[in-house]
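Undergrad:
Residue numbers (my numbering): 43 to 299.
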C-alpha cells in the first residue's frame with residue numbers, strides 16, 4: 043500500500059494519505075476538545091506544535107498532538123548534540139475504538155512521515171506510555187520505537203470513580219493530603235498509585251540513533267506492570283499484597299491486564 047503526500051503549489055505539506063486513511067492538520071480548538079473528551083488524561087499538553095487529525099474516508103476518528111513538552115532543554119539532552127527545536131514529543135494520541143485493533147500501528151508511521159516531511163529540522167521523536175494506566179507501549183513496540191527505561195513518578199491519588207488527582211492540586215484545594223481527610227471527602231477505596239512512564243524514541247534521522255544517551259533495553263511486557271507499580275489503599279501497607287491492590291485499582295479504572 044503506497045503512501046502519498048498532498049502539497050500546495052509552494053510544496054508545503056498538506057496531508058499524508060495511505061489507503062483509506064489521511065493525516066492532516068486540524069484546528070487546535072477542535073483537537074483540544076476531542077483530546078479532553080476522549081483521552082484518558084482528560085488534559086491537553088503544553089507547547090503543542092502540530093495538531094493532527096486522523097481521518098478514514100474523510101471522517102475524523104482520532105487526534106495526535108506533537109510538541110516540545112514541558113522541559114525542552116532537558117529533553118533534548120537524551121540525544122547528544124540535539125538542539126531544543128530538533129526533536130518533538132508525541133504528547134497525546136487518541137484513536138476511536140470504532141476503527142478496531144492494530145489501527146495505531148498503521149497510523150503511527152503516517153504521523154511520523156507527516157512530521158518528517160513538514161519539518162526537516164526534526165531528528166527524533168520521544169513518547170511515553172503511562173504505566174499507571176496499565177500501558178507499556180505496545181503500539182510503540184509494534185512500530186519499531188526504541189525503549190530506554192521506566193521513569194518513576196510520585197504518587198497519584200485515584201478515587202473509586204477513577205478520577206486522578208495530583209498531591210499538589212489536592213493541597214491547594216483542601217490544605218492537606220492526609221489520607222483520612224481525603225477519604226472522608228472522596229470515599230473508599232482511595233488509591234495512591236506510585237507509577238511512572240515507559241520511555242520510547244524513534245529516530246527520523248538514523249544518524250542520531252548513535253547519539254542516544256540511555257541504553258537500548260528489551261521491550262517491557264504487561265507483566266512488568268506489577269513490578270513497576272505500587273498501589274496503596276491505606277497506611278503502612280506492605281508489599282506482599284501489592285499485586286492484589288494493583289488488580290483492584292485496574293478494575294476500578296476499567297483497565298484490563
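Cβ atoms here follow ideal geometry from the backbone N, Cα and C, with glycine treated the same way.
Note that the coordinates shown come from a computational prediction; the quantities given were computed from them, not determined experimentally.
In whole angstroms, what separates the C-alpha of residue 262 from that of residue 174?
TA: 14 Å
Undergrad: Do residue 297 and residue 142 come within 9 Å of each other at the CB atom, strictly closer than that value?
TA: no
Undergrad: Can you give me the start and stop residues for the beta strand (DSSP E) that residue 131 sits inside?
TA: 129-137
Undergrad: Can you have a look at residue 169 and say buried or exposed, based on whether 16 or more other CB atoms are within 10 angstroms of its CB?
TA: Residue 169 counts as buried, since no fewer than 16 other beta carbons sit within 10 angstroms of its beta carbon.
Undergrad: So, helix, strand or coil for residue 238, using DSSP?
TA: strand
Undergrad: List the endpoints of the continuous alpha helix (DSSP H) containing residue 152.
TA: Its alpha helix (DSSP H) spans residues 145-160.
Undergrad: Would you say the stretch 100-109 touches the stretch 130-137, given that touching needs at least three Cβ pairs under 8 Å?
TA: By the Cβ test, the stretch 100-109 is in contact with the stretch 130-137, since at least three Cβ pairs between them sit closer than 8 Å.
Undergrad: In its own chain, which residues sit with a C-beta less than 7 Å from the C-beta of residue 299, not counting the 5 before and 5 after it?
TA: 176, 264, 267 and 292
Undergrad: Any idea if residue 145 is buried or exposed, counting beta-carbon neighbours within 10 angstroms, 16 or more meaning buried?
TA: buried
Undergrad: Out of curiosity, what's the CA-to-CA distance linking residue 228 and residue 137?
TA: 31 Å
Undergrad: Can you grab the Cα-Cα spacing for the pair residue 103 / residue 126, in whole Å?
TA: 31 Å
Undergrad: Taking the beta strand (DSSP E) that residue 107 falls in, what are its first and last residues?
TA: Residue range 101-109 is occupied by the beta strand (DSSP E) that includes residue 107.
Undergrad: With a threshold of 7 Å on Cβ separation, who are the neighbours of residue 272 within its own chain once the five nearest residues in sequence on each side are excluded?
TA: 236 and 284
Undergrad: For the beta strand (DSSP E) containing residue 207, list its first residue and its last residue.
TA: 206-208
Undergrad: Pull up the DSSP beta-bridge partners for residue 247, would you.
TA: Beta-bridge pairing links residue 247 to no other residue.
Undergrad: Looking at the secondary structure, which residues open and close the beta strand (DSSP E) in which residue 190 lies?
TA: 188-200
Undergrad: Around the Cβ of residue 217, are there at least 16 other Cβ atoms within 10 angstroms (buried) or fewer (exposed)?
TA: exposed
Undergrad: Opposite residue 172 in the DSSP bridges: which residues?
TA: 239
Undergrad: What residues are listed by DSSP as bridge partners for residue 46?
TA: Answer is 59.
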